[in-house]
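Take a look at the structure below.
Protein chains: 2
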Amino acid sequence: MKICVAQLNYHIGNFESNLKKMMNAIEDAKSQNADIICFAELATCGYPPRDFLEFDDFIRLSNESIHQLQKMSHDIAIVVGSPSKNPRAEGKDLYNSVFFLYNGEIQHVQHKTLLPTYDVFDEYRYFDPADKFEVVSFKGKKIALTVCEDIWNIGNENPLYTICPMDEMMPHKPDLMINVSASPFSYSHAEERLHILRCNANRYKVPIFYVNQVGAQTELIFDGGSVVVSPDGVIYEEMSYFVEENKVFDLESVIRGGVKKEQPKDKIKDIHDALVLGLQDYFNKLGFAKAVLGLSGGIDSAITLVLAVRALGKDNVRVLMMPSQFSSQHSLDDALVLAEKLGIYYNIIPIKEMYDSFMIHLQPIFQDAPFNVTEENIQARIRGILNMAISNKFGNILLNTTNKSEMAVGYGTLYGDLCGGLSVIGDVYKTDVYRLAAYINKDENIIPQNTISKPPSAELRPNQKDSDSLPEYDILDPILYKYIEECKGPDEIIKEGFDETLVKRILRLVNINEFKRHQTAPVLRVTSKAFGVGRRMPIVGKYLS
Amino acid sequence: MKICVAQLNYHIGNFESNLKKMMNAIEDAKSQNADIICFAELATCGYPPRDFLEFDDFIRLSNESIHQLQKMSHDIAIVVGSPSKNPRAEGKDLYNSVFFLYNGEIQHVQHKTLLPTYDVFDEYRYFDPADKFEVVSFKGKKIALTVCEDIWNIGNENPLYTICPMDEMMPHKPDLMINVSASPFSYSHAEERLHILRCNANRYKVPIFYVNQVGAQTELIFDGGSVVVSPDGVIYEEMSYFVEENKVFDLESVIRGGVKKEQPKDKIKDIHDALVLGLQDYFNKLGFAKAVLGLSGGIDSAITLVLAVRALGKDNVRVLMMPSQFSSQHSLDDALVLAEKLGIYYNIIPIKEMYDSFMIHLQPIFQDAPFNVTEENIQARIRGILNMAISNKFGNILLNTTNKSEMAVGYGTLYGDLCGGLSVIGDVYKTDVYRLAAYINKDENIIPQNTISKPPSAELRPNQKDSDSLPEYDILDPILYKYIEECKGPDEIIKEGFDETLVKRILRLVNINEFKRHQTAPVLRVTSKAFGVGRRMPIVGKYLS
């Protein structure tokens, strides 16, 4: 028996495009004599559809796609994820289901049991869990179908759920398992995924075909990396990251095993590739081609620019350089060197006259109040207006260049440098931004050495440096990591050897700046805990603040 | 037996202040010889604590508050909501619990069963449901304790859950029920609440003490309106809306019944009072006193200003008037009349010179591109900078003045008029904004008649009117309501008699402007479906767009 794993890039709500992609993959699989083709979780409508699921019209369109796929299922069985209606009055209105289509008919529907409702996931918001666990028979094989999280409750010390769906199916003695997933990337996730899959194979002694989607949906980046596992728990094949792939496997060969193919893993390379894909899909799926950003000469905008050029092409990216009276000549020089190196279009607009115009009109109100963060913010906001003017006039989406360390402590100006449709490196700590720079420069000096080696500065007042108001990033970032990713409290962090006053100050800064993060762009997620939909904090709370 | 219902305004994460409030209420209840005092759901830590719940330190502090309350429970029993740890490895780490404290001890803990995970609620993200249902005996009475949603699964045609916790407790023959709640306001919610409480009394034939919290937590406004119900289903007393109240009831008298006291209900008055409370608590709980906003002469900023003055006092609110070359004289005049009427401080800053300064620097890039939305946005963004300059220099929080109709169709400038720390009327449709104006003017002309009667205009180009690009609001608003509040699809709305082209255009506008709403301030929620945390839509989706 031949099984095709179709690792595709779906678009939420774009039923026509999703269906067309699946139809093409079916034709390709048929040409390779596949018996079964497998698509991802909620492949008809794309994942995560969020509150679109609350519209009957949206569910009707998902069902219509299933109906179209049924018609394609005469010479090949189709395994595909799609929402389905809960026929009972009680409970949530929907199930998150996997369909088995063959001979023009729906042969079997299995609902998802374990509904992730943590971090970026909200599935219990929409779906009722399964209460029936059956297998489907096909060409003499019994196949267990599971949906994503349903295989994630073994091999954990602190299991989130009290039931294990595959355990429920084992009395039916399945010959193989197909899992349809939509499991988003973080730089540590591929290892966890392989671990869970090995645990499943070891427990159930069956081959597993794990089908992930690929592509970004706003902030969530799906890396693909679909996996075929032999019954002995060896990874028969881990498919490519960050690209579509349609691959046919011979079941007997997978069962026999003796083959092992895992993708190389490299945190910084994977983050780099994820961000490039995240950028591409944000633009593609919104129907835009061109980006703009402000290039300061600092490392954050330099990295963002390189990623944008790699994602969109140099002809689709333009930059503004907007020096003020506080900008150093080396900043402008470094920006120019990079722009020339990349061959991109740029404009230089000094902001002093606009700044002066604001100050003249505000002086009668400010009178002799001393220069403070107000005047710093005005500069950042003038740059925001100029960037957005280019965006509006020429149809370029403005990219936000803020890193995770700054975003965490609120070191940025709302409506100023925090402007932008997408935050590209908002989930990358500053210390990893330097690692990304080293990775980009590994074969050739692309980012100017001076941009990398000079002390970080916002240059919004004379001789300003980040270290005037923040600790060095190699101290700040570990504290932020423990608080944000690991959810450790102040006492736990202090016990690990960090200065008490500093820890309390940093945690307070994180908490009192929630209002800024509430109003910033979606952040491409590359860690296990990004700002945005996966981290939900009260704004008027009074905790550690 | 005397039972005190303590309707208090908690502050998320402010354990010290919450505990102090509860201790004062306990002293007051004791002085009135109460046998039991009842606080709200998660009263120790405030509701909703969101992801603070993921910090062990936060749970430790909640437990510490329970420990402190135990010490107060020698002469009075205390019923209080607080998170508690799930001792099992499996499942979520926490329960949403109600504690019964007496004689210095925890006499009973009942966990919440029905965990709302829809709209603004995310409880399944944190909590495991109860699997034990017991009553507590106190002074010869058996008391059933339930938490909020646990009483909401009867009297519905489409019940969300498959279990009914009070049904499980009935074999223990409880004499009364105490429900601790944190149930947020919308203008239709009080009626629904009374309906559910009557259904419960009719089904179980016991008196019910329903304790709600009062006060706003960022966007969610809790109206109080705690309820005592006689066993015959008559509302013995519906307590006040929008204020703290500590009230002692005689159980025998409630059981006897024959008393009925419900609060008067008026949609527009209730919205008005809710917004005033929402404003007050946003400022109080963040530790700010002063607001600023841009006063245009239009109705939205006029209403926002009146609400702000009522919430914060006239000495704490200042405005900027920022006419451009496209502003009409009557706009400035109307703004001046209102500012003088309210006796607030104002400054006038014409924006033409700043606008010209931007255009001079952009001209070499724009060349002869025609005037379009770019130039309109620059004006709105200059006003944003000026408002934020006042905010930064003097510590006034900027209030956003956008209404729900504009927010829905994206009729507003990101980083311009969409700036602000809090959206005051972002959940009020334009047609209801007019009703609010009529309510505010009911006794005295506060908002100038001209502000109310003139055609709405953004005045960002010559002779511009809202109706140039949008349908009249009395056509737009019903379409938006059906799509946003009722989740109806295009076909359903068209079938109700609306123009097909118009419906499709409006729904498309709503969906393609998701990116703007993602970056705007939290919106005070007064309807059953507000923009923000309760409505989660993909940004790169392609549905009806």
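Just so you know, the sequences run in chain order A and B.
The first sequence runs 545 to 1089 under this note's numbering.
The second sequence runs 545 to 1089 under this note's numbering.
Heads up, the beta-carbon is just placed ideally off N, CA and C, and yes, glycines get one too.
(message) For a minimum of 4 consecutive residues, which ranges assigned as the alpha helix (DSSP H) are wholly contained in the region 975-1010 of chain A?
(response) 993-997
(message) Spatial neighbours of B:Ser-1072 within its chain, please: C-beta separation below 8 angstroms, excluding the five flanking residues on both sides.
(response) Asp-663, Ser-730, Ser-732, His-733, Glu-1029
(request) Below 9 angstroms between beta carbons is the criterion; list the residues of the region 866-880 of chain A that meet it against any residue of chain B, in chain order. (result) none
(request) Going by DSSP, name the residue or residues bridged to B:Ala-760. (result) In the DSSP output, where bridge partners are listed per residue, B:Ala-760 has B:Ile-765.
(request) With B:Glu-781 as the anchor, note down where its beta strand (DSSP E) starts and where it stops. (result) 779-782
(request) Starting from A:Thr-848, follow the alpha helix (DSSP H) in both directions and report where the run begins and ends. (result) 843-856
(message) Which residues of the region 924-938 of chain B have a Cβ closer than 9 angstroms to any Cβ of chain A? Give them in chain order.
(response) Listed in sequence order: Arg-925, Ile-926, Gly-928, Ile-929, Leu-930, Met-932, Ala-933, Ile-934, Ser-935, Asn-936, Lys-937, Phe-938.
(message) Taking contact to mean 3 or more Cβ pairs, one atom from each stretch, closer than 8 angstroms, check whether the region 1014-1028 of chain A and the region 796-804 of chain B are in contact.
(response) no
(message) Please report the distance separating the alpha-carbon of B:Thr-945 from that of A:Lys-937.
(response) 26 angstroms
(request) Would you tell me roughly how many angstroms separate the C-alpha atoms of B:Pro-1006 and B:Met-866, rounded to the nearest one? (result) Going by the C-alpha atoms only, they are around 16 angstroms apart.
(request) Note down, in chain order, all residues in the region 574-607 of chain A with a beta-carbon under 9 angstroms from any beta-carbon belonging to chain B. (result) Cys-589, Gly-590, Pro-592, Pro-593, Arg-594, Asp-595, Phe-596, Glu-598, Phe-599, Asp-600, Asp-601, Phe-602, Arg-604, Leu-605
(message) For A:Leu-1095 and A:Ile-969, which I take to be in contact (beta-carbon distance under 8 angstroms), what is that distance rounded to the nearest angstrom?
(response) Outside the displayed range of chain A (545 to 1089) lies residue 1095 of chain A, so it cannot be described from this structure.
(request) Compare the C-beta of A:Val-860 with all C-beta atoms of chain B and state if any pair is closer than 9 angstroms. (result) The amino acid occupying residue 860 of chain A in the given sequence is Asn; Val does not appear at that position. Output row for A:Asn-860: interface = no.
(message) Contact criterion: CB-CB distance below 9 angstroms. Does A:Thr-848 meet it with respect to chain B?
(response) Using a Cβ-Cβ cut-off of 9 angstroms, A:Thr-848 does not count as an interface residue toward chain B, since no Cβ of chain B sits closer than that to its own.
(request) State whether the region 708-722 of chain A contacts the region 626-646 of chain B, with contact taken as three or more CB pairs (one from each stretch) at a distance under 8 angstroms. (result) no
(request) Closer than 7 angstroms by C-beta to B:Ile-892: which residues in its own chain qualify, once you throw out the five before and the five after it? Chain order, please. (result) Met-865
(request) Could you tell me whether the Cβ of B:Phe-1059 comes closer than 9 angstroms to any Cβ of chain A? (result) yes
(message) Less than 9 angstroms between the beta carbons of B:Ile-898 and B:Ile-926, yes or no?
(response) Ile is not the amino acid found at residue 898 of chain B; the sequence shown has Met there. For B:Met-898 and B:Ile-926, yes; Cβs fall inside 9 angstroms.
(message) Just checking: is the beta-carbon of B:Asn-558 within a distance shorter than 9 angstroms of some beta-carbon in chain A?
(response) yes
(request) Evaluate B:Ser-949 with the Cβ neighbour count: other Cβ atoms within 10 Å of its Cβ, from every protein chain shown; 16 or more gives buried, anything less gives exposed. (result) buried
(message) Could you compute how far the alpha carbon of B:Gly-822 sits from the alpha carbon of A:Ile-1083?
(response) 13 angstroms
(message) Would the region 584-594 of chain B count as touching the region 616-628 of chain B if we require 3 or more Cβ pairs under 8 angstroms?
(response) Because the criterion of three Cβ pairs below 8 angstroms is met, the region 584-594 of chain B and the region 616-628 of chain B touch.
(request) Measuring only between beta-carbons, confirm whether B:Val-758 sits less than 9 angstroms from chain A. (result) no
(request) Flag this pair as yes or no: are the beta carbons of A:Leu-958 and A:Thr-1045 separated by less than 9 angstroms? (result) Going by beta carbons, A:Leu-958 and A:Thr-1045 fall outside the 9 angstroms limit.
(request) Taking a Cβ distance cut-off of 7 angstroms, strictly less, list which residues of the region 913-924 of chain B are near chain A, in chain order. (result) Under the 7 angstroms Cβ criterion, the region 913-924 of chain B contributes Ala-913, Val-917, Thr-918, Asn-921, Ile-922.
(message) Quick check on DSSP: helix, strand or coil for A:Arg-862?
(response) It is a strand residue.
(request) Go ahead and pull the three-state DSSP assignment for B:Met-545. (result) coil
(message) Only counting the same chain, and skipping five residues up and downstream in sequence, which positions put a Cβ closer than 8 angstroms to that of B:Leu-839?
(response) Ser-845, Ala-846, Leu-849, Val-863, Leu-864, Met-865, Ala-879, Leu-882, Ala-883, Tyr-890
(message) Let's see if you can read the secondary structure: which residues bound the beta strand (DSSP E) around B:Ala-621?
(response) 621-629
(request) Please state whether DSSP places A:Thr-918 in a helix, a strand or coil. (result) helix
(request) With B:Pro-651 as the anchor, note down where its beta strand (DSSP E) starts and where it stops. (result) Reading off the sequence, residue 651 of chain B comes out as Gln, not Pro. From DSSP, the beta strand (DSSP E) with B:Gln-651 extends over 649-655.
(message) Please report the distance separating the alpha-carbon of A:Ala-726 from that of A:Tyr-591.
(response) 7 angstroms
(request) Specify, as a first and last residue, the run of the alpha helix (DSSP H) that B:Asp-600 falls within. (result) 600-615
(request) Would you mind sorting B:Phe-602 into buried or exposed? The rule is 16 or more other CB atoms within 10 Å of its CB. (result) buried
(request) Using a Cβ-Cβ cut-off of less than 8 angstroms, give me the residues of the region 818-844 of chain A that come near chain B, in sequence order. (result) Against chain B - using a Cβ distance shorter than 8 angstroms - the residues of the region 818-844 of chain A are Asp-825, Tyr-826, Lys-829, Leu-830.
(message) Relative to the C-alpha of B:Gly-842, which candidate in B:Thr-995, B:Leu-645, B:Lys-565 has its C-alpha closest?
(response) B:Thr-995
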